[in-house]
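Per the working numbering, residue 522 is the first one in the sequence shown, and the count goes up by one each step. Glycine is no exception: its CB is placed at the ideal position from the N, C-alpha and C atoms. Values in this document were obtained by computation on a predicted structure and should not be read as measured data.
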Amino acid sequence: MAPQLVPLGPGFSVSGRLDRSDLEALARAGVRTIINNRPDGEDPGQLPAAEARRIAELHGLVYHHIPITAATLSRADVDAFAAALRDGQAPVVAHCRSGTRSALLWALSRMRERADPLALIAEAARHGIDIAGLPAVAARLR
Numbered sequence: 522m523a524p525q526l527v528p529l530g531p532g533f534s535v536s537g538r539l540d541r542s543d544l545e546a547l548a549r550a551g552v553r554t555i556i557n558n559r560p561d562g563e564d565p566g567q568l569p570a571a572e573a574r575r576i577a578e579l580h581g582l583v584y585h586h587i588p589i590t591a592a593t594l595s596r597a598d599v600d601a602f603a604a605a606l607r608d609g610q611a612p613v614v615a616h617c618r619s620g621t622r623s624a625l626l627w628a629l630s631r632m633r634e635r636a637d638p639l640a641l642i643a644e645a646a647r648h649g650i651d652i653a654g655l656p657a658v659a660a661r662l663r
């Protein structure tokens, strides 16, 4: 069974944590690119990024590991995420523990394309994801 995906844009979804069987299911479902935003060791028993990469690539997925926390998020992380979206093959699934950090990175990358932050916040909220702090985070990263 595939994990719960939250579609935020054409060819782009976020998800909470993924395990080995989720990566396999996503590949079977036609996902082409995975962006992992979880630092290794965030939770006990979490699939390490190196192992997730091996499994993803074994199933033909492009894999990016861009680990962030609220305290460590930087412009370089947004740059890397934007590049992964730009260069990746859709559909793309980005994941973290709950999907919120991945949605925040998506919104920050969209803001670089002049997307309206309030519209991005509303789109995420429509799917139950709270990124109301987006303007403050964007201001901190300027």
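Cα atoms of residue 551 and residue 661: separation of roughly 36 Å, rounded to the nearest angstrom.
Here residue 630 carries a helix assignment [DSSP, helix/strand/coil].
Contact between the stretch 647–654 and the stretch 550–564 is absent: fewer than 3 CB-CB pairs across the two stretches fall below 8 Å. Straight across, the Cα-Cα distance linking residue 644 with residue 540 is about 27 Å.
Inter-residue distance for residue 654 and residue 634 is about 19 Å (C-alpha atoms, whole angstroms).
With contact defined as three or more Cβ pairs closer than 8 Å, the stretch 532–539 and the stretch 615–631 are in contact. By the criterion of a C-beta distance shorter than 8 Å, residue 548 is surrounded in its chain by 577, 580, 581, 582, once the five residues flanking it on both sides are discounted.
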